[in-house]
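Protein chains in written order, with this note's numbering: chain A, 29 to 255; chain B, 29 to 255. Below is one structure; the comments refer to it alone.
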């Protein structure tokens with residue numbers, strides 16, 4: 029079905045996972061794919077650089093067309109396969125507007141999560157400060173309260189932009205899954221916990237669940253235990 | 029024409045400028061608007077918080093619909109006013125794919141510019157490091173070479189995704205304009221210089237040129253002189 033598509037990806041990376049969920053939702057299974065290792069620096073290999081001069085995953089090709097940015101792939105596939113699989117942009121104006129708003133807030137959400145989880149990866153040893161770590165955690169806390177409030181307002185069983193699963197869920201769910209993998213408390217954030225429970229059972233999400241999470245179901249659960 | 033729209037904005041801010049260009053391109057002039065001052069912290073005023081709990085500009089309302097994220101506003105307006113003003117998403121598959129790719133690379137581009145220009149604004153005094161400043165400048169240099177290469181490949185007179193002006197230009201041009209405002213050398217980056225010269229003459233861009241740039245045509249031209 030999707031033999032003319034190639035995806036190079038890394039396990040657990042939210043940008044890669046977005047694309048994988050998207051391909052499942054649009055019934056584009058059967059694409060060529062290769063799991064690469066960030067630890068072994070395979071995202072800087074020639075194979076990746078040939079598609080993606082930034083040396084990043086995901087790297088995605090459809091025939092001769094290259095789209096590597098995860099949000100870009102989502103928009104591209106929804107546009108090219110509008111009438112195939114799940115319709116991911118609602119016609120309803122209010123829902124559509126909310127979807128766009130949440131999608132792009134989702135980038136800030138991911139940045140704030142990454143600033144806490146990957147602090148030591150991003151910041152060289154001699155430049156680390158306890159004050160920055162504290163500020164990043166406080167910013168994440170503020171961010172989490174925003175999303176908890178959004179879900180609260182929409183009511184039980186809702187997706188991020190209303191009653192249907194949309195592009196907002198495709199791009200934001202991998203961030204939410206990483207939060208719980210790294211020990212976020214569903215007691216403290218019950219609406220995010222419910223949302224996580226709802227979407228993780230979705231076939232597209234189950235089919236693309238990070239393989240190293242399956243092998244090792246417990247993550248670094250101490251990382252976010254005090255957030 | 030667009031009396032049911034309200035935009036709260038700040039002068040020179042790329043996210044605000046994107047929305048202003050978008051409104052011009054879609055022939056939505058006549059909207060309610062209010063210029064607020066970042067220096068006076070007016071983006072944290074109740075007036076903004078009522079629309080945007082993040083206390084950020086732009087803050088945008090269309091009737092009862094709120095979309096504050098600049099990329100979200102662009103997608104929303106293009107979808108709602110598809111047949112009005114400039115068509116900003118090309119039908120051609122290759123151009124459309126390139127547009128999506130460049131739009132989202134545009135976020136990285138802006139982040140790398142901001143990390144250099146606003147370093148002292150973002151990083152508290154006790155956490156600043158020469159090594160970080162140097163790394164940020166090198167990252168910006170690498171980023172600029174990528175965009176210079178993209179434009180080189182497309183040829184003279186091209187927009188970011190090919191022969192027509194698209195959403196990619198709406199969102200990325202304000203970043204490019206800031207680069208030159210802060211002293212980027214058009215000798216060193218001639219293709220970016222040409223692109224800047226092309227798009228700054230566009231009516232939508234002229235109509236939305238930052239008022240404090242008009243008052244004070246010289247920016248902090250030393251900031252990027254050695255990039």
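For each residue, glycine too, the CB sits at the ideal point set by N, CA and C. As the structure is a prediction and not an experimental result, all values here were calculated from the model.
Residue-chain proximity (residue i, chain B), Cβ-Cβ < 8 Å
i	result
residue 35 of chain A	no
residue 49 of chain A	no
residue 157 of chain A	yes
residue 145 of chain A	no
Inter-residue spacing [alpha-carbon to alpha-carbon] between residue i and residue j
i	j	result
residue 205 of chain A	residue 224 of chain A	7 Å
residue 145 of chain A	residue 56 of chain B	42 Å
residue 86 of chain A	residue 203 of chain A	15 Å
residue 173 of chain B	residue 217 of chain B	8 Å
residue 235 of chain A	residue 54 of chain A	13 Å
residue 47 of chain A	residue 106 of chain A	11 Å
residue 97 of chain B	residue 241 of chain A	33 Å
residue 143 of chain A	residue 150 of chain A	8 Å
residue 94 of chain A	residue 103 of chain A	13 Å
residue 133 of chain B	residue 136 of chain A	15 Å
residue 84 of chain B	residue 91 of chain B	19 Å
residue 208 of chain B	residue 214 of chain B	8 Å
residue 199 of chain A	residue 82 of chain B	20 Å
residue 179 of chain A	residue 121 of chain A	19 Å
residue 60 of chain A	residue 243 of chain B	55 Å
residue 119 of chain A	residue 153 of chain B	48 Å
residue 247 of chain B	residue 42 of chain B	15 Å
residue 253 of chain A	residue 222 of chain A	18 Å
residue 189 of chain A	residue 76 of chain A	34 Å
Chain A within 8 Å of residue i, Cβ atoms only
i	result
residue 131 of chain B	yes
residue 154 of chain B	yes
residue 81 of chain B	yes
residue 135 of chain B	yes
Host beta strand (DSSP E) of residue i (start-end)
i	result
residue 57 of chain A	It is not in any beta strand (DSSP E) - residue 57 of chain A carries neither H nor E in the DSSP assignment.
residue 220 of chain A	First-last for residue 220 of chain A: 218-227, but that is the alpha helix (DSSP H), not the beta strand (DSSP E).
residue 210 of chain A	Element bounds for residue 210 of chain A: n/a, residue is neither H nor E.
residue 38 of chain B	33-38
residue 87 of chain B	87-90
Continuous alpha helix (DSSP H) stretch holding residue i: start and end
i	result
residue 69 of chain B	Looking at the DSSP string, residue 69 of chain B is not in any alpha helix (DSSP H), and its letter there is neither H nor E.
residue 137 of chain A	121-145
residue 115 of chain A	Per DSSP, residue 115 of chain A belongs to no alpha helix (DSSP H) and is neither H nor E.
residue 41 of chain A	Taken as a continuous stretch (DSSP letters only), residue 41 of chain A belongs to no alpha helix (DSSP H), as it is neither H nor E.
residue 175 of chain B	158-182
residue 108 of chain A	98-108
Listed by chain order, chain C residues near residue i by CB distance under 7 Å
i	result
residue 160 of chain A	Absence of chain C from the displayed structure is noted, the protein chains being A and B.
Residue i Cβ short of 7 Å to the ligand ATP heavy atom set
i	result
residue 240 of chain A	This structure does not include the ligand ATP; it has no bound ligands of any sort.
Exercise. Would you say the segment 153-168 of chain A touches the segment 227-244 of chain A, given that touching needs at least three Cβ pairs under 8 Å?
Worked result: no
Exercise. At a Cβ cut of 9 Å, what residues of the segment 95-127 of chain B count as close to chain A, listed as they run along the chain?
Worked result: 95, 96, 97, 98, 99, 100, 101, 102, 103, 104, 107, 108, 117, 121, 122, 124, 125, 126 and 127
Problem set entry | Where the segment 214-227 of chain B meets chain A: residues whose CB sits under 8 Å from a CB there | none
For this session: Check each residue of the segment 172-183 of chain B: if its Cβ is closer than 9 Å to any Cβ of chain A, include it; give the result in chain order.
Result: 174 and 177
Exercise. Does the segment 35-44 of chain B come within contact of the segment 63-71 of chain B, defined as at least 3 CB pairs closer than 8 Å?
Worked result: yes
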